[in-house]
Amino acid sequence: MKHIRNFCIIAHIDHGKSTLADRLLEFTKTVADRDMQAQLLDDMDLERERGITIKSHAIQMNYTYKGETFTLNLIDTPGHVDFSYEVSRSIAACEGALLLVDASQGIEAQTISNLYLAMSNDLVIIPVLNKIDLPGAMPEEVKDEMVDLLGCKRDEIIHASGKEGIGVEDILNAIVDRIPAPKGNPDGELQALIFDSQFNSYRGIEVIFRVVNGRIRKGDKIKFMATGKEYFAEEIGTLRLDKQPKEVVDCGDVGYLISGIKVAKEVKVGDTITQTVQPSRQPIQGFEEVKPMVFAGIYPVETNEFEELREAMEKLQLNDAALVWEPETSAALGFGFRCGFLGMLHMEIVQERLEREFNMTVITTVPSVRFEVLTTKGAVIQVSAPSEMPDPSSIETIEEPFIKAQIITKSEYIGSIMSLCMDKRGILKNQVYLTADRVELQFDMPLAEVVFDFFDKLKTISRGYASLDYEFTGNRESTMVKLDIMLNGERVDALSAIVHRDKAYEWGKKLCEKLRELLPRQQFEIAIQAAIGQKIIARETVKALRKDVLAKCYGGDISRKRKLLEKQKKGKKRMRQVGNVEIPQEAFMAVLKIS
Amino acid sequence: MHLYLHIPFCRQACHYCDFHFSTDLKPKTALVEALCREIGLRKDYLPTNRLETIYFGGGTPSLLTEAELAQIFETIHRHFTVAVDAEITLEANPDDLVRSASGPDPMGRFRKYANRLSIGIQSFHEPHLRLMNRAHTAAEAESCVQRAREAGFDNLTIDLIYGVPAGGHDIWKTDLDKAIALDVPHISSYCLTIEPGTVFGNWLSKGRLNAPDDAFGAEEFNLLVEALTAAGYEQYEISNFARPGMEARHNSSYWKRRPYLGIGPSAHSFNGLSRQYNIANNARYIRSLQKGEIPATVEELSRADQVNDYLLTSLRTKWGCDLTELTLLAGTDFQALRRKELNRLYGQGWLALDDRTLRLTEAGKLFADRVAADLFVMTDD
Ligand SMILES: Nc1nc2c(ncn2[C@@H]2O[C@H](COP(=O)(O)OP(=O)(O)O)[C@@H](O)[C@H]2O)c(=O)[nH]1
Ligand code: SF4
Ligand SMILES: [Mg+2]
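Chains as they are written, first to last, in the numbering used here: chain A, 1080 to 1674; chain B, 156 to 536.
Written out as C-alpha cells, the structure reads:
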C-alpha cells in the first residue's frame, strides 16, 4: 500500500488539465507514442469537442522514483458545476490533488469550490502554476493568489507547461513525496467507494471504485450497500489505457468491476461495495442520491418517432445514471418525456447526445426547476412542470429552490455583474478582493433564474472573464405564477412557464414578441396572447398573409422554385398544429432565447 | 421546338435584377462566338430540329449589333429549320429603341430578324424608374411603343412592375392607364420581389428600403387584373395578359412541359426527363466553349420532380393542370393520392375542378405557390 498514490487534478476549464494528463501518461510510458492522441482522457467525441470532461475517468500509471516503483492512480474529475456531486466522490477517493492554475488567468470560482472540497477531505494539495510558457503569463500575481488561498509557501508551487512538457518530472516526484500513501486495513471487511461507472455495450456497466478497506477478489460475491443489490465479481482489474484483468485489487488501489449489470441506475456514485460474507457494517460516508434540479419535456420532432425516442432515452440512461424521465403528453407536442437533469449543461448534453448518437431531432420545452406547492388543503405537491401547477385558488404558498452563487471576476466588471444578478433576483451576500483587481462575489439567488441563459450572459458581460459556481441552499417562499401563451385563443401547453410575479409581465411581452417573429404568416391573422389565469398581460398579432405567389416562372426559374417550395413544405411538415395555427419547432425553443 | 438565347449584357444594373448579366461589354464578340459554338454542339438536344419559336432574352438583347445578329441567325439556320410562322421574340429596352433613332432605319436590324418585340418599360413613373436604376426615362417609356410600331412591329409586349414600396396605388393606376392606352396586344406584369444579392436586397437589409408589403402587392395585383380584363385582355398566366390569340408562344412552352433548348451563360434547357443549366459566368462560359465543352449542370427529374414541376407551372395558366397527365406522371391515381388536400383547397375556394382539369380560382391566384406546394408529391410521402 505504501507504493500507491491516488490523486486528482483540480483545474478550471481550459487551464490545461487534459494536456498535462497526457504528458504524465507519456512520461510514465503508460501510453506508447503511437497510441497517443491528444486529450486521452476525454472519451466521448462531445467531450473532446467541447474541451470539457463530462464524466470522470481513472487511469493508472507506474513511476519509478529513487529506485522504487510506485502505482499512481489519476482520477479525472468532471469540470462543470452540474456534476459537482461526482466531483466530490472523486475527491473522496484521493489522498492528494494537483491544483492546476493557468498562469495567464489566475484562480476561478469553480477551482476554489473544488479546492475547498479537497481541503475539507484532508487532501494534500500540490500547487502547479501551468502554462508558464505563455507570453501573457503573470507568474508572480497568480502565485500571490495561490499563496493567499492555500497558505502554502511560494517555493512549493511547481512551474509547469503541459504544452512544452516543462515541470512534468517535478510534478511526478511531488506526487510521490508529498501525497501520503492510502491508509486502510487490508485485512478488514471490504469497503470500496464507487466514484464512476462506464457503459460497455457488450459487457454491461463497468464500475470504477477505490478500495478503502479490505480487498476485492475475482469471483467474490459482493453487495452494493445503498441499493442492497448483490452481484458476482466476474471480472476485476486495473485501468491502464485498456483494462488489465487481475485476480485481486488491493486495499488503497483503484480498479474496475464487471458483473453483468445492465442498468446504470443500479450503480450509484458514492455507494459502497462490500462482500456478502462478512459485510462491512457501515457504508463509506457521504453517499447521496443525485437529485435532478432542472426539468423539461423532450419530444420527437416527428410525432411518429416517439418509440424511437424512447429506445434512445433508454440507451442513453444506461450510461447516464443522473438522467431521469417518464412519459408525458402535451396537447401541442403529442407524446414525449418529462426529463430531470442535474443542470442546464446536463440538459444540453442529453439533447446533443440524442442527436449525435441516436440521430434524433427533438424539441425541448421550457426548462423548470422543482417548486413545492402547499395547497389550501394542507397537501405539499412537487411541481416541476407548468402543467402540474394547481389552480391558483387552491394554492396556499409556493416555495422555490435557492442557491448560493459564487462568481469570480475582474473588478472592472463588478458593476455589470451586480446589475445582472439583481435583475435575476439575486442578493449580494459577500464581496472579497482576491487580488487588487480580482474579486469574489457571493449572491443568494433563485435557481430558476440561473436556468435561463444566466451563464451565457455572465460570460458576455465579463468578456469571458467571470466564472461561476453554485450550490443548492434550500427552498424559500416566492410569489410564482403560471404564465400561459395562447394562439388564437387556444392555450399552447408547451409554451407555458412558471415565473416570478414581478417578471411575468416582461416575460410575457418578450415571449409574444419573439413568437411574432417566429410564427409563419397564415391566410388568417394570428393573435398571440400571454395570460396569467384569465388575465391577458401581453398581446401581439401576426398579420394575415395576403399572397403567396412568385412573380415569375419561366424556363430558368422552374427548378429553383420547385426546390424552394419543396423545402418550405418539408419545414411545414415538421410544424405542430394547435387549433388552426402552425408552430415551427424553433418557437418552442425560443423561450430559452428571450430576455 | 423552342430555342432560347441568353444575351448576358446590360448598359447598367437595375437595382432589383438578379438575372445573369454583366455591364462589361468588352467580351461581347467572344461571347457571340461562343453562343454560336454552343448552338452547333447542341443542335441534337431537342427531338426535332424544327423551331417554332426563338426567344432572345437577357440581359439586354437589343445591345446586339447587326453583324452579331446576322452571325447568330446564320448559325441557327445552318443547324435548324425555322418554321415559316415561327415566333421570334427579342427583348429590348426603351432606350435602345428610342436613342438609336437617328439613322435611316433605326430598328432595321431588329425588324430584319425578329417579328415580336418585348419591351422592358417597367414603369412610366420617373421616380420609380430612377429608384430602380432603369436606363430609360419616363418619356422614353411612353414613346418607344410608337417607335416600334413605326418600324413595323405590331406584335409587341411590354413589361410592367408593380408593388414598388414607394408611394401609393395612384402611381400604379396611372401606369396601368398609360399601358392600356398604348393598345399593345400583350402585357407581362410582375410584382417587385427583393432578391438577395441585388442592390435592393442590400438596401432592405440595411433598412434603406421599405420591405414590400404583401397586402400592398396583393391590392396592386387586383388592380392589374381588373384594369386589364376590363380593357379586353385575358389573364392566361398569373403574370401574363393577352388579347385573344396573342399569347406568347415561346413562354407558354415552359408552362406546357414542352422541350426547349437554352443557349448562353445561365440558360436552362429541358428535354422532358432532365433539366440542365449553363454556368452563370461570361468568362468561364466563353473559355469552356473555346475548348468545345458545354459548362452545364444536369438535373435528372424523378417522377416526383416531374409532377411537382407540372403542378407548379400549369396551375398558373388558364389551361390549368390536367389530372390525366398528373396521374401519368405520378404513376398513381393523383386524385386518390391527394384527396384530402384537394378537398380542402376546393373548400377554401382556391381551386376548382372542371372536366378533369384543375384551375386556380380568382382568389386562388394570389396563393398559387401554396396551392401547388400543398399538392406536391414528396419522396417520403
Ligand atoms: N501555452 C500553453 N497552452 C496550453 C498549456 N496546456 C494546455 N494548453 C492549451 O490550453 C487549452 C486547454 O487545454 P486543456 O488541456 O484542454 O484544458 P482542460 O480544459 O483543463 O482539460 C488547449 O488549447 C491547450 O492546447 C500550456 O502549458 N501552455
Ligand atoms: S432588368 Fe433587364 S436591363 Fe435591367 S439589369 Fe436586369 S436584365 Fe439588365
Ligand atoms: Mg479537458
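Ideal Cβ placement from N, Cα and C applies to all residues, glycine included.
Check, Outcome
"C-beta neighbour in chain B for A:V1621, strict 8 Å", "no"
"Residue range of the unbroken beta strand (DSSP E) whose run includes A:S1409", "1403-1409"
"Three-state class that DSSP yields for A:Y1544 in the structure shown", "coil"
"Proximity test, B:A382 beta-carbon vs ligand 2 heavy atom, cut-off 7 Å", "no"
"Any 3 or more C-beta pairs closer than 8 Å across the segment 270-277 of chain B and the segment 230-243 of chain B", "yes"
"Interface residues of chain A facing B:R430 [CB-CB closer than 8 Å]", "I1637, S1638"
"heavy atom of ligand 1 below 7 Å from A:T1098 C-beta", "yes"
"Coarse secondary structure for A:R1296, derived from DSSP in three states", "strand"
"Residue interval of the beta strand (DSSP E) (run including B:H405)", "Segment 404-410 is the alpha helix (DSSP H) holding B:H405; no beta strand (DSSP E) there."
"The segment 156-172 of chain B / the segment 280-297 of chain B touching (three or more Cβ pairs under 8 Å)", "yes"
"is_contact[A:R1294, chain B] using C-beta, thresh 8 Å", "no"
"The alpha helix (DSSP H) enclosing A:K1222, as first and last residue numbers", "1218-1229"
"Opening and closing residue of the alpha helix (DSSP H) in which B:A226 lies", "Contrary to the premise, residue 226 of chain B reads as Gln rather than Ala in this sequence. First-last of the alpha helix (DSSP H) with B:Q226: 221-234."
"Start and end residues, beta strand (DSSP E) containing A:A1617", "1614-1621"
"Proximity to B:L218 [Cα-Cα], best of B:E297, B:F265, B:T236", "B:F265"
"Cβ of B:G352 within 8 Å of any chain A Cβ", "no"
"Cβ-based neighbour list, A:F1162, same chain, cut-off 7 Å, excluding 5 preceding and 5 following", "L1421"
"Residues with C-beta closer than 6 Å to any heavy atom of ligand 2, in chain order", "B:C165, B:A168, B:C169, B:C172, B:F174, B:F176, B:G213, B:G214, B:T215, B:N248, B:G275"
"Neighbouring residues, chain D, relative to B:H423 (Cβ below 8 Å)", "Among the chains of the structure shown, chain D does not appear; the protein chains present are A and B."
"Beta carbon proximity, A:L1598 to chain B, threshold 8 Å", "no"
"Neighbourhood of B:T534 by C-beta, 6 Å cutoff - its chain only, sequence neighbours within 5 removed", "A459"
"Cβ contact (3+ pairs, closer than 8 Å) linking the segment 1449-1460 of chain A and the segment 1422-1441 of chain A", "no"
"Among A:I1258, A:D1548, A:I1577, nearest to A:M1468 - alpha-carbon criterion", "A:I1577"
"Residues that B:N436 contacts on chain A, provided the C-beta gap is smaller than 8 Å", "Correct list: empty, because the minimum Cβ distance to chain A is about 15 Å."
"DSSP three-state assignment for A:E1309, whether helix, strand or coil", "strand"
"Within-8 Å CB hit, A:S1135 to chain B", "Bear in mind that the predicted position of A:S1135 carries a pLDDT of just 48, short of 50, making it too unreliable to give a figure here."
"Residue range of the beta strand (DSSP E) that includes B:C346", "341-346"
"Coarse secondary structure for B:H157, derived from DSSP in three states", "strand"
"Whole-Å CB distance - B:T410 paired with B:T468, under 8 Å assumed", "At residue 410 of chain B the sequence reads Trp, which differs from the Thr that was named. With 8 Å as the limit, B:W410 and B:T468 qualify as a contact, their Cβ atoms being about 4 Å apart."
"Through-space distance from A:L1208 to A:I1236, alpha-carbon basis", "7 Å"
"Local Cβ density within 10 Å of B:D464, reported as buried at 16 or more and exposed below that", "buried"
"Proximity test, Cβ basis, 8 Å: A:E1475 and chain B", "no"
"DSSP state of A:Q1364 mapped onto helix, strand, coil", "coil"
"Reduced DSSP category for A:M1304 - H, G, I as helix; E, B as strand; rest coil", "coil"
"Length-filtered (4 minimum) alpha helix (DSSP H) runs lying within the segment 1632-1664 of chain A", "1637-1652"
"Interface flag, A:D1532 vs chain B, CB-CB below 8 Å", "no"
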